[in-house]
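This report refers to the structure that appears directly beneath it.
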Amino acid sequence: PLAHVDSTAALAIPGVLAVLTIPSGVAVVARSFWQAKQGRDALKLEWNESRAVFVDSAELLEQYHLKTTEPGRIAVKRGQLKQGFKQSSRTLESSFEFPFLSHAAMEPMNCVVQQKPDGIEVWNGCQLQTVDQQAVARVFGVQPAQVKINTLFAGGSFGRRANPFSDYVVEAARIARAYDHKVPVKLVWTREDDLRAGYFRPLYVHHLKAGLN
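In this text, residue positions in the sequence shown follow the working numbering: the first is 2, and each later residue adds one.
Below you can see the structure in the form of structure tokens.
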């Protein structure tokens, strides 16, 4: 979690309107993306890393390889495995590794949220409208029917926008609520943001042993 924020330098940058602390970190509100980016880069942040995980990819792979040597749950069992190996004239054995992979969508994660007298309006390239609608409603404490989503014909996210936590949509909603100026607030995640905070395709290690004759 965030331990301390020094926003003095960020607020001194022309175009920066506010620095807001939200559950996922710190947001800089500005008149343009570039001014917001400059403001964010000027922030001085201290993080409490007491609960952080410092295991690297090499260590994770080693742990996964060790797991393949332990008994696991049996998904399907057919035939006589031990007897089959005894009768095999040749045995093949190999491991296959798949690292954590980012979706790295062609389009950046982005969303516009505006508070209005009768509810909340959202503009984004949406793939799970019902889930996003309910998530935004929870942020503002309103009924889902009071959240209007305008689905944009945006492409190239390859499923990245469809996640059960509505991560970037919720972040945009939290910024709009914290700013509380009843104006459209646009969130844009940079490529760095997406790679740090996105949902990755999982790490896998598969071990295969086959008897042939």
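Ideal Cβ placement from N, Cα and C applies to all residues, glycine included. Since we're looking at a predicted model, the values are computed, not measured.
{"Item": "Beta-carbon proximity of V170 to A177, cut-off 8 angstroms", "Value": "no"}
{"Item": "Whole-number beta carbon distance between A173 and L129, since they are thought to touch under 8 angstroms", "Value": "About 15 angstroms; that fails the 8 angstroms criterion."}
{"Item": "Three-state secondary structure (DSSP) of H66", "Value": "helix"}
{"Item": "Nearest residue (CA-CA) to N49, options L3, R197, G156", "Value": "L3"}
{"Item": "Own chain, CB closer than 6 angstroms to R32, minus 5 neighbours either side, in chain order", "Value": "G16"}
{"Item": "Where Y200 sits in the DSSP three-state scheme", "Value": "coil"}
{"Item": "Beta-bridge pairing of S103 - partner residues as DSSP gives them", "Value": "F201"}
{"Item": "For N111: DSSP bridge partner residues", "Value": "V189"}
{"Item": "Sequence-distant residues of its chain with Cβ nearer than 6 angstroms to E94 (five each side left out)", "Value": "K210"}
{"Item": "Where N214 falls, given that 16 or more other Cβ within 10 Å makes a residue buried", "Value": "exposed"}
{"Item": "Short Cβ contact (8 angstroms threshold) for I121 with V77", "Value": "no"}
{"Item": "Three-state secondary structure (DSSP) of I176", "Value": "helix"}
{"Item": "Alpha helix (DSSP H) segments (min. 4 residues) lying fully within the stretch 6 to 67", "Value": "9 to 12, 34 to 43"}
{"Item": "Close beta carbons around S89, own chain, < 7 angstroms, minus the five adjacent residues each side", "Value": "G212, L213, N214"}
{"Item": "Cutoff 7 angstroms; reference Q135; Cβ partners in own chain excluding five residues on either side", "Value": "P145"}
{"Item": "Nearest candidate by alpha-carbon position, reference R247, set L21, V206, E98, S103", "Value": "Residue 247 lies beyond the stretch modelled for the chain, which goes from 2 to 214, so this question has no answer here."}
{"Item": "Bridge partner(s) assigned by DSSP for H207", "Value": "F97"}
{"Item": "Reduced DSSP category for L213 - H, G, I as helix; E, B as strand; rest coil", "Value": "strand"}
{"Item": "The stretch 103 to 115 in contact with the stretch 182 to 196 per 3-pair CB rule at 8 angstroms", "Value": "yes"}
{"Item": "Residue interval of the beta strand (DSSP E) (run including K149)", "Value": "148 to 152"}
{"Item": "Cβ-Cβ distance between K38 and D7 below 8 angstroms", "Value": "no"}
{"Item": "Exposure of V56, with buried meaning 16 or more beta-carbon neighbours within 10 Å", "Value": "exposed"}
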